[in-house]
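Novice:
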Amino acid sequence: MKGLYTDDPLGRDQLKEWEKKAIEKFSTKMSDKEKPFPCIPATIGFSKNQLRYSFIGDPREPSTLYELAEALSSYTDVSRKIGSNTSLIVFYETPEDMKTAYTVEDYEEIFWKHLSGLRSIDRFDWPEDLPIDPHHPVWEFCYNGEKYFMYCATPAHKNRKSRHFDEMMLAITPRWVLQEFNKSRHFAKGIKQQIRKRLAAYDSAPIHPDLNSYGEEDNFEWRQYFLRDDDTSLSKCPYHRFLNFFNSNQ
Numbered sequence: 002m003k004g005l006y007t008d009d010p011l012g013r014d015q016l017k018e019w020e021k022k023a024i025e026k027f028s029t030k031m032s033d034k035e036k037p038f039p040c041i042p043a044t045i046g047f048s049k050n051q052l053r054y055s056f057i058g059d060p061r062e063p064s065t066l067y068e069l070a071e072a073l074s075s076y077t078d079v080s081r082k083i084g085s086n087t088s089l090i091v092f093y094e095t096p097e098d099m100k101t102a103y104t105v106e107d108y109e110e111i112f113w114k115h116l117s118g119l120r121s122i123d124r125f126d127w128p129e130d131l132p133i134d135p136h137h138p139v140w141e142f143c144y145n146g147e148k149y150f151m152y153c154a155t156p157a158h159k160n161r162k163s164r165h166f167d168e169m170m171l172a173i174t175p176r177w178v179l180q181e182f183n184k185s186r187h188f189a190k191g192i193k194q195q196i197r198k199r200l201a202a203y204d205s206a207p208i209h210p211d212l213n214s215y216g217e218e219d220n221f222e223w224r225q226y227f228l229r230d231d232d233t234s235l236s237k238c239p240y241h242r243f244l245n246f247f248n249s250n251q
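Numbering (this note's numbering), first residue to last: 2 to 251.
1) Among Glu94, Ala206, Thr29, which residue has its Cα nearest to the Cα of Glu62?
2) Using 10 angstroms around the beta-carbon of Gly216, count the other beta-carbons present and answer buried if the total reaches 16, otherwise exposed.
3) Under the three-state reduction of DSSP, which class applies to Ile208: helix, strand or coil?
4) According to the Cβ coordinates, are Tyr54 and Ile83 closer than 8 Å?
5) Among residues of its own chain, excluding the 5 on either side of Lys49, which ones have a beta-carbon nearer than 8 Å to its beta-carbon?
6) Work out the CA separation of Arg224 and Leu235 for me, nearest whole Å.
7) How should Ile173 be labelled, buried or exposed, when 16 other C-beta atoms within 10 angstroms of its C-beta is the threshold for buried?
8) Taking the alpha helix (DSSP H) that Ile122 belongs to, which residues open and close that run?
9) May I ask you to verify whether the stretch 151-168 touches the stretch 108-123, counting CB pairs closer than 8 Å and requiring at least 3?
10) Taking the continuous alpha helix (DSSP H) assigned at Glu181, which residues delimit it?
11) With DSSP collapsed to three states, give me the class of Ser85.
12) Nearest to Pro135 by alpha carbon, out of Ser163, Arg81, Lys237?
13) Just mark Gly46 as buried or exposed, buried being the case when its beta carbon has 16 or more other beta carbons within 10 Å.
Put into structure tokens, the structure is as follows:
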């Protein structure tokens, strides 16, 4: 379906078959009590129905970037009215040949192409208070005048189950949501400790060394956007490389 979707189990008949399966699998993942999903704020947002959803096309198709841009623009316009635990969940219609053949690294390349592509068509200027270099500890992705934390899950993630989904998927959380969560340092610290315990039980792979807290000197947000299935990571953020590619082809 086009536009943002607010989940209602009784209204899922309006969805296409692949969309319906995606939301059902996501709901199962978020509500599992025996093996709870590690990100506690995400499960709270789900339980309060403060998540919004978008279903877009094949991640390899150029038109899909514009579908993603439209969804994120629409979400930016309404997110502050939804609630303090909101995020945008984006499901890509991922063909079977991708699910069979694509590696984690293949999806990683698509992910950075899409982030760079979003920036190349953004009508807003980059915020003056934010560094443009991803290797700065307070850099983060911005679009439509809003700062966002990005999360990507793919069918290729096998050991890191917290980053696995049957379709390529993004979870996009506004920075103001995370700031609200961190207002009480004692509360936030306790939740983060619980998250790490859940991660240790949820994933076959060890907790990724790139997981860190925003603003710390050794923190790089971009490394947490796409975690690989093992403990390796890119040494240099590909964001500007792809951004230059898009800009040179406009």
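Glycine included, C-beta positions come from ideal geometry on N, C-alpha and C.
Specialist: So, from the data block:
1) Glu62 has its Cα closest to that of Glu94, out of Glu94, Ala206, Thr29.
2) The predicted position of Gly216 is uncertain, since its pLDDT is 47 and thus under 50; a value taken from the coordinates is nonetheless stated next. Around the beta carbon of Gly216, fewer than 16 other beta carbons lie within 10 angstroms, which makes this residue exposed.
3) Reduced to three states, the DSSP call for Ile208 is coil.
4) Cβ distance not < 8 Å, so Tyr54 and Ile83 don't count as in contact.
5) Counting only residues of its own chain and dropping the five nearest sequence neighbours on each side, Lys49 has a CB closer than 8 Å to the CB of Gly84, Asn86.
6) Annotation: Leu235 to Arg224 spans about 8 Å, alpha carbon to alpha carbon.
7) Result: buried.
8) Looking at the DSSP string, the run of the alpha helix (DSSP H) that includes Ile122 is 105-122.
9) Taking a cut-off of 8 Å for Cβ pairs, the stretch 151-168 and the stretch 108-123 touch, as three or more such pairs fall below it.
10) Residues 176-182.
11) In this structure, DSSP gives Ser85 a state outside helix and strand, which the three-state scheme calls coil.
12) Minimum Cα distance to Pro135 is reached at Lys237.
13) Under this definition Gly46 is a buried residue.
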